[in-house]
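Let me begin by presenting the structure, written as structure tokens, before commenting on it.
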Amino acid sequence: TQLLEQSPQFLSIQEGENLTVYCNSSSVFSSLQWYRQEPGEGPVLLVTVVTGGEVKKLKRLTFQFGDARKDSSLHITAAQTGDTGLYLCAGAWSGGSNYKLTFGKGTLLTVNP
Amino acid sequence: SAVISQKPSRDICQRGTSLTIQCQVDSQVTMMFWYRQQPGQSLTLIATANQGSEATYESGFVIDKFPISRPNLTFSTLTVSNMSPEDSSIYLCSAGRQGAEAFFGQGTRLTVV
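Chains as they are written, first to last, in my numbering: chain H, -3 to 109; chain U, -17 to 95.
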């Protein structure tokens, strides 16, 4: 069973602050995806990281995949109230004909004005 | 990317009844999945919907309770059978190609009374 530990589970910060969310596993994933979900909506894909050591930037969001492809981080610079939501990391695992995503427990981020 | 339409978006059902949730994808995809999610929490995979064959269920989920159909590459249904209040949750359909990103519908919020 592939497990993905995500931390912190809850995060409440002031607008303008920086934050980092972590996603760790003992398993090697073929890729890792980050999603953001708002209430009443399904998760929306933010980014996919595939290569060990890969860094991707999406405006104020920076995503990193660990060299061993077992961990990842999401860093938000100068958070805005619009960043509020549930952030989910998901590791893609492929074994034979099976393919599935393993989700972390999520980080519920609240950015206060 | 894929656009996923899921319906109904919400429903309130009597205990002992069944509800069928539909998921339509705007393009042919290899993989379709059904998840369950409590508000503010992470996703739990119910099963992988296989075209033309029985779905592959995760531990704790059985076909009699959650029958799934997938008659073609773009459509799937999940039925929640003989519902009880414990089945109240958000049910999400996801689709994608093997080894690639997964995209989600907006979810079905089910309340069983």
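Beta carbons: idealized from backbone N, C-alpha and C, even for Gly.
Would you call the stretch 57 to 69 of chain U and the stretch 12 to 24 of chain H touching, i.e. three or more CB-CB distances under 8 Å?
no
Out of U:P21, U:Q23, U:V44, U:Q19, which one is the CA nearest neighbour of A29 (chain U)?
Looking up residue 29 (chain U) in the second sequence gives position 47. The shortest C-alpha separation from A29 (chain U) is found at U:V44.
Kindly indicate if chain H contains any beta-carbon less than 8 Å away from that of G22 (chain U).
Along the second sequence, one-based indexing puts residue 22 (chain U) at 40. Judged by the 8 Å Cβ criterion, G22 (chain U) is in contact with chain H.
Measuring straight from C-alpha to C-alpha, what distance separates F61 (chain H) and L28 (chain H)?
Locating residue 61 (chain H) in the first sequence gives position 65, where the first residue counts as 1. Locating residue 28 (chain H) in the first sequence gives position 32, where the first residue counts as 1. About 8 Å.
Cβ of E11 (chain H) less than 8 Å from any chain U Cβ?
Residue numbering aside, residue 11 (chain H) sits at position 15 when the first sequence is read from its first letter. Chain U, which has no Cβ nearer than 8 Å to the Cβ of E11 (chain H), makes this no.
I'd like the list of long-range same chain contacts for Q33 (chain U), defined as Cβ closer than 7 Å, with 5 residues on each side in sequence excluded.
Against the second sequence, residue 33 (chain U) aligns to sequence position 51. Cβ neighbours of Q33 (chain U) beyond the five flanking positions: R52, N54, L55.
Cβ of Y18 (chain H) within 8 Å of any chain U Cβ:
For the purposes of this step, residue 18 (chain H) is taken as the residue at position 22 of the first sequence. Chain U contact via Cβ: absent.
Kindly provide the ranges of any beta strand (DSSP E) runs that are 3 or more residues long and lie completely inside the stretch 73 to 98 of chain H, ordered along the chain.
81 to 91
Just to confirm my understanding: we take N108 (chain H), look at its own chain, exclude 5 residues before and 5 after, and list those with CB closer than 8 Å. What are they?
For the purposes of this step, residue 108 (chain H) is taken as residue 112 along the first sequence, with counting starting at 1. These residues qualify, in order along the chain: S8, I9, Q10, E11, T77.
With 8 Å as the threshold, decide whether the Cβ of K96 (chain H) is near any Cβ in chain U.
Stepping through the first sequence from its first residue, residue 96 (chain H) is reached at position 100. So yes, K96 (chain H) belongs to the interface.
In the DSSP output, which residue or residues are listed as bridge partners for E11 (chain H)?
Taking the first residue of the first sequence as position 1, residue 11 (chain H) is located at position 15. DSSP output for E11 (chain H) lists no bridge partner at all.
Which residues DSSP lists as bridging S69 (chain H), in chain order
Indexing the first sequence from 1 puts residue 69 (chain H) at position 73. In DSSP, S69 (chain H) forms a bridge with H:Y18, H:Q60.
Skipping 5 residues on each side, what residues in its chain have a beta carbon closer than 7 Å to that of K96 (chain H)?
Mapped onto the first sequence, residue 96 (chain H) falls at position 100. Result list for K96 (chain H): W89, in chain order.
Under 7 Å between beta-carbons, which chain U residues line up against T44 (chain H)? List them in chain order, please.
If you number the first sequence from 1, residue 44 (chain H) lands on position 48. By Cβ distance, chain U contributes E83.
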